[in-house]
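Numbering of the sequence shown is given in my numbering, commencing with residue 1 and proceeding in unit increments.
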Amino acid sequence: MAERRAPGLAFLIRAALIVHGVFGVWQVVVGGGGRADRRVSGALTALASITVGAVAFGWPVLTLVVFRFGVAAWFIFAGLHLLFTALLTARSSHRRTRHSTRIRC
Numbered sequence: 001m002a003e004r005r006a007p008g009l010a011f012l013i014r015a016a017l018i019v020h021g022v023f024g025v026w027q028v029v030v031g032g033g034g035r036a037d038r039r040v041s042g043a044l045t046a047l048a049s050i051t052v053g054a055v056a057f058g059w060p061v062l063t064l065v066v067f068r069f070g071v072a073a074w075f076i077f078a079g080l081h082l083l084f085t086a087l088l089t090a091r092s093s094h095r096r097t098r099h100s101t102r103i104r105c
């Protein structure tokens, strides 16, 4: 049902995952001059991306459901990050103001 509503989005997600994986493999093979641990982690990330993209072609509805949950989680974490950044900035600004008034007195 979700595939019928957004077939373009499902295809775009699947294609992007596979293209990301192919470029990751290309970077590991051609880039060659980096440290071994970065090449191994890049190769594993590329392999995982290609695998998830291939699985997404088999389960398009699952792809859209996971995409929705992923976007929702991203919004939640981005919002929490903004909230904590604002609180910490306000708190440190308040401390600096309080500290500078003590020095002047």
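The beta-carbon is built from N, C-alpha and C at its ideal position, and this holds for glycine as well.
Asked	Found
What separation, rounded to the nearest whole angstrom, lies between the Cα atoms of A16 and T89?	37 Å
Have a look at H20 and A54 and give me their C-alpha separation to the nearest angstrom.	12 Å
Is the CB of R38 under 7 Å away from at least one CB in chain B?	Chain labels in this structure do not include chain B; a single protein chain is all it has.
Using a Cβ-Cβ cutoff of less than 8 Å, which residues in the same chain neighbour A72 once the five nearest sequence positions on both sides are dropped?	none
For the putative contact between G24 and A56, defined by C-beta atoms under 8 Å, what is the C-beta separation to the nearest angstrom?	At roughly 16 Å, the Cβ-Cβ gap does not stay under 8 Å, so G24 and A56 are not in contact.
Please state whether DSSP places G34 in a helix, a strand or coil.	coil
Output the distance between the C-alpha atoms of R91 and V66, rounded to the nearest integer angstrom.	37 Å
Thinking C-beta only, is A10 closer than 7 Å to P60?	yes
Does the beta-carbon distance from I76 to I50 come in below 7 Å?	no
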